[in-house]
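Keeping their order, the protein sequence lines are chains A and B.
Here the first sequence stands for residues 3 to 489, numbered as in our numbering.
Here the second sequence stands for residues 77 to 379, numbered as in our numbering.
A quick write-up on the structure given underneath.
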Amino acid sequence: MLQAIADIVRLNGAEKHFGAVRALNGVDFHVAAGECVGLVGHNGAGKSTLMHMVAGTLRPDGGQIAVRGNAEASYSVARALALGIRCVFQELSLCPNLSIAENTRINHPALRGFGWRRKAADLIRAKLDEIFPDHGISADDIAGDLSIGRRQMVEVARAFTLTSEPLHLVILDEPTSSLDAHTAGQLLAFVRRFVAAGGSCILISHVLGEVLQNADRIVVMRDGRVVAADVASAFDRDRLVAAMGGAEGHHKAAAEARKSEPGALRVRARPARQQDGEELVARAGEIIGLAGLAGHGQTDLLLAIFSAASRAKAGIEVTAPVALVAGDRQSDGIFAQWSIAQNIGIRSLARLRNGLLISQQREAELAEFWKQKIGIRTPDMNNNIFSLSGGNQQKALFARALGSDAEIVLMDDPMRGVDIGTKLEVYDLVREEAAKGRTFLWYTTETEELDNCDHVYVFKNGRIVANLKRDELTEEKIIQSSFGDAA
Amino acid sequence: MLRGLLPALSLALVLIAIAWLNPRAISYFGFNLMLNLAIPIALATIAQMFVIAGNELDLSIGTFVGFVGCVTATWLRDAPLIGIVVLLGSIAVYALLGALIHLRNLPSIVVTLGMSFVWQGLAILVLPKPGGKAPDWLLSIMSFKPPYLPFPILAALIIAAIVHFGLMRTSYGVILRGSGGNAAALRRAGWSLLRTKIVLFALTGLFGVLSGMALIGITTSADANIGNGYTLLSIAGVILGGGEFVGGRVSPIGAVLGALTLALAASPLLTFMHIPPDWQVAANGAILIIVLAARVLISRRER
């Protein structure tokens, strides 16, 4: 009973679904007063969803949330703020058109009336001085003019400013991602002081060393569940990595070793931010994986390769036609007003042309061929593309790329939100096409998919940090390199 | 730095050109004459600035000004109570449009384009053919002649000061501008985006009403098409004044300066340049393109 009162926040059996995707699958989570909880897990493990729930920006589909032992039936952002729970979100949430003082005002309804500008400026300046001495930021600076690191400093400092609302728990979602080692150290030291003074903190970080050194307790999430939770001293780096990656129970999907005589060079590319000589090399018949945490330059490199195919670009060499399978199907892949057949044919218009017009018959033949081959489930390929389920829409986009003359297929995490049956079918197809000599560059956030690859490049901060051959490819290795602390 | 001064610079440039072409125009009487229509243009520009501050655009402000003009020249004179109710009601319609655009997530361009025809039709219903007469009190306000400072300049100073204080200095003005800068951040801080949108649109309606009334106070009678040019003029004024279409970056002082620049560049400058009336509209457009292009070049260099 005493334990329940000492909790700042407690979630029991929290669930959240986004369509068919289960982002959270019955999670129990709590934070006690005066405690810093470290939260780690791979992308898509459900950390952010869980934190959105604690902050009140997302409502759970199932389960209860209690603050200080009281069940909260209609929990919201306003309620969370009133209870002293705040969140520094991963995406920067300053208004770029406003000054630092004005941005502070946004989080404090109490800053109003005569002299509010001066009060807001004093408030944020004092907090910046406290956390980051020598910060060099003026309260009159416009947020959009500051460097990303300074914006992050302001945002963190703002979360700790105090007016009329209480402050008990601050969620820090990747608070050091844009900070250099010096300012990150200042921030973490401040977090320790805050916790020592009785405040609570949730620290989410991909830098495992930060979590191990600063958290009192560590919670590890995977696939929408909590898979490990213990005092920080019970963990070390290897145990964390093992818990995050789930070394047990994974079968290699494509175990049969394929012949590995090198084919003709298809792509040679160096990421724009690569400083050493490391570069991505892809040959005919190869499936190349691009791994690492989301948004660390994989998509950028794919898009650079895509544009290099039509216009020469420094540092990138492409020797064959290219097609791209977009990851964000709705905004980058599908022509919403068109039929399935038209969506498939768009990449192959040159072949479908009859004089000046598109031959309806050839378009239909192409569509019908791929309908059979890839198993698009529809009564009529002339139906609108939205008549298909999400997985089948994605198949149509694969058909668009594979039905074209492209010898190089770029895949930008195309399997997001696709059911397992469709995935297995597409994996087979990719391997079959690769055996015929096509080259695949496959960025994926799902580590199991990398088992289909001959070769995996791991990305971090826009650079290739590891180059793993098929036989040395393990999930732990990938996580080790993508979480590698800059020593 | 240069970017913030640009609205004032372009106004100074136009003034220097006028002074060079016709020194006598730079006088109390000359400014009264040249800036004759500057007050309604400035008010319409401020109206447009409020919607732009929330990342929206109002394509109906011109016909709305015309509708307000028709109401002012008829009901507001003949049956003041009905006139006041109709004008307040039209502001409420603007507020409702803001709510509709927010709740249904509609593009404001489409909604206000549709509304522009509604206002136009209503204006024709109120005043089928040009005519009507402005209320006497309005005529006497608009023909006020303060000592030393020409009335349009005094009015511009007052408008700029009031709106600058309201939008740039008050604590709720920060929230209004923040809704254009980063709406998600505002929502996470617990603010109602519905309310900010309603307030911004209602302010647009309010300043549209003021613009229409000021216009009729100057022209003395109305015409259903009298405000049609104001839609594009007001957008150009906001942009000329340093505002941007998205991101909540607007400046009330800049918008008023932009409106004055447009009012001067419209006919006085061109008449002094001996450009025949047939070509004035085209020349006006050319000046606008040159000034806006200069603005883009300068702000790009500063970045």
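Each residue gets a CB set at the ideal place from its N, CA and C atoms; glycine is no exception.
Note that the structure is predicted; figures quoted are calculated from it, not measured.
#1: Taking a Cβ distance cut-off of 8 Å, strictly less, list which residues of the region 54-77 of chain A are near chain B, in chain order.
#2: Might you give, ordered along the chain, the residues of its own chain that have their beta carbon closer than 8 Å to the beta carbon of I94 of chain B, omitting 5 neighbours on each side?
#3: Taking contact to mean 3 or more Cβ pairs, one atom from each stretch, closer than 8 Å, check whether the region 140-157 of chain B and the region 283-295 of chain B are in contact.
#4: Strictly below 8 Å CB to CB, what residues from chain B border P2 of chain A?
#5: Can you name the residues of chain B whose CB is closer than 7 Å to the CB of S95 of chain A?
#6: Are there 16 or more other CB atoms within 10 angstroms of the CB of R239 of chain A, so buried, or fewer, so exposed?
#7: Residues of the region 127-159 of chain A with a CB closer than 7 Å to any CB of chain B: list them in chain order, please.
#8: By a C-beta neighbour count over all protein chains shown, 10 Å radius and 16 as the cutoff for buried, is W195 of chain B buried or exposed?
#9: Could you spell out where the beta strand (DSSP E) holding G64 of chain A opens and where it closes?
#10: Is it right to say L452 of chain A is buried, meaning 16 or more other beta carbons lie within 10 angstroms of its own, or is it exposed?
#11: Between A:T424, A:I307, A:L404, which has its C-alpha nearest S391 of chain A's C-alpha?
#12: Between which two residues does the alpha helix (DSSP H) containing H44 of chain A stretch?
#13: Please list, in chain order, the chain B residues whose beta carbon lies closer than 7 Å to that of E104 of chain A.
#14: At a CB distance below 8 Å, what residues from the region 114-125 of chain A approach chain B? Give them in sequence order.
#15: What are the start and end residues of each continuous beta strand (DSSP E) run of 3 or more residues lying completely inside the region 374-425 of chain A, in chain order?
#16: Quick check on V322 of chain B: buried or exposed, where buried means 16 or more other Cβ atoms within 10 Å of its Cβ?
#17: Count the CB pairs spanning the region 92-111 of chain A and the region 120-131 of chain A that are closer than 8 Å, and state whether there are at least three.
#18: Just the chain B side, please: which residues come within less than 9 Å of R107 of chain A by C-beta, in chain order?
#19: For the 8 Å Cβ check, are there 3 or more pairs between the region 269-285 of chain A and the region 310-321 of chain A?
#20: For C146 of chain B, name the three-state secondary structure that DSSP assigns.
#21: Mind listing the chain B neighbours of V90 of chain A? Cutoff is C-beta to C-beta under 9 Å, in chain order.
#22: Going by DSSP, name the residue or residues bridged to W444 of chain A.
#23: Say whether the region 159-175 of chain A touches the region 72-88 of chain A, bearing in mind that this needs 3 or more beta-carbon pairs closer than 8 Å, one atom from each stretch.
#24: Between which two residues does the alpha helix (DSSP H) containing K121 of chain A stretch?
#25: Below 7 Å on C-beta distance, what does A191 of chain A contact in chain B?
#26: Between the region 260-269 of chain B and the region 111-126 of chain B, can you find at least three pairs of beta-carbon atoms closer than 8 Å?
#27: For A47 of chain A, which residues of its own chain have a beta-carbon under 8 Å away from its beta-carbon, when the five flanking residues on both sides are left out?
#28: How far does the beta strand (DSSP E) with V461 of chain A in it reach, from first residue to last?
#29: Within 8 Å (strictly less), CB to CB, does V11 of chain A reach chain B?
#30: Helix, strand or coil for D218 of chain A? Go by DSSP, reduced to three states.
#31: Kindly indicate which residue of A:R70, A:A468, A:G64, A:L359 has the alpha-carbon position closest to the one of D278 of chain A.
#32: Within 8 Å (strictly less), CB to CB, does S184 of chain B reach chain A?
#33: Are at least three pairs of beta-carbons, each pair with one atom in the region 158-178 of chain B and one in the region 249-260 of chain B, less than 8 Å apart?
#34: Can you tell me whether A362 of chain B is buried or exposed? The criterion is at least 16 other CB atoms within 10 Å of its CB, across all chains shown.
#35: Comparing the C-beta of K254 of chain A with each C-beta of chain B, is any distance below 8 Å?
#36: Could you pull the start and end residues of the alpha helix (DSSP H) that A145 of chain A belongs to?
Considering the structure as presented:
#1: A57, T59
#2: Cβ neighbours of I94 of chain B beyond the five flanking positions: A101, I102, M110, L340, P344, L345, F348.
#3: They touch, by the three-pair rule.
#4: The structure shown does not extend to residue 2 of chain A, since chain A is modelled only from 3 to 489, so the question has no answer here.
#5: N258, A260, A261, R264
#6: Classification of R239 of chain A: exposed, given that the 10 Å Cβ count is below 16.
#7: none
#8: buried
#9: 64-69
#10: buried
#11: A:T424
#12: First-last for H44 of chain A: undefined, no H or E at that position.
#13: V250
#14: The residues in question are R114, G115, W118, R119.
#15: Listed in chain order, the complete beta strand (DSSP E) runs (minimum 3 residues) inside the region 374-425 of chain A are 410-414.
#16: Taking every protein chain shown into account, the CB of V322 of chain B has fewer than 16 other CB atoms within 10 angstroms, so this residue is exposed.
#17: Short answer: they touch.
#18: S247, V250, I251, G254
#19: yes
#20: The answer is helix: DSSP assigns C146 of chain B an H, G or I state.
#21: Those do not exist, as V90 of chain A stays about 10 Å from chain B at its closest Cβ, beyond 9 Å.
#22: A:G291, A:M413
#23: yes
#24: 118-133
#25: What A191 of chain A touches in chain B: nothing, since even the nearest Cβ is about 27 Å away.
#26: no
#27: Closer than 8 Å at Cβ, skipping near neighbours: M223, R224, D225, G226, M246.
#28: For the sequence presented, residue 461 of chain A should be read as Phe rather than Val. Residues 457-462.
#29: For V11 of chain A, the answer is no, since every Cβ of chain B falls outside 8 Å of its Cβ.
#30: coil
#31: A:A468
#32: no
#33: no
#34: The C-beta of A362 of chain B has fewer than 16 other C-beta atoms within 10 Å across all chains shown, which makes the residue exposed.
#35: Residue placement at K254 of chain A cannot be trusted, given a pLDDT of 42 that sits under 50; the coordinates are not used to answer.
#36: Element bounds for A145 of chain A: n/a, residue is neither H nor E.
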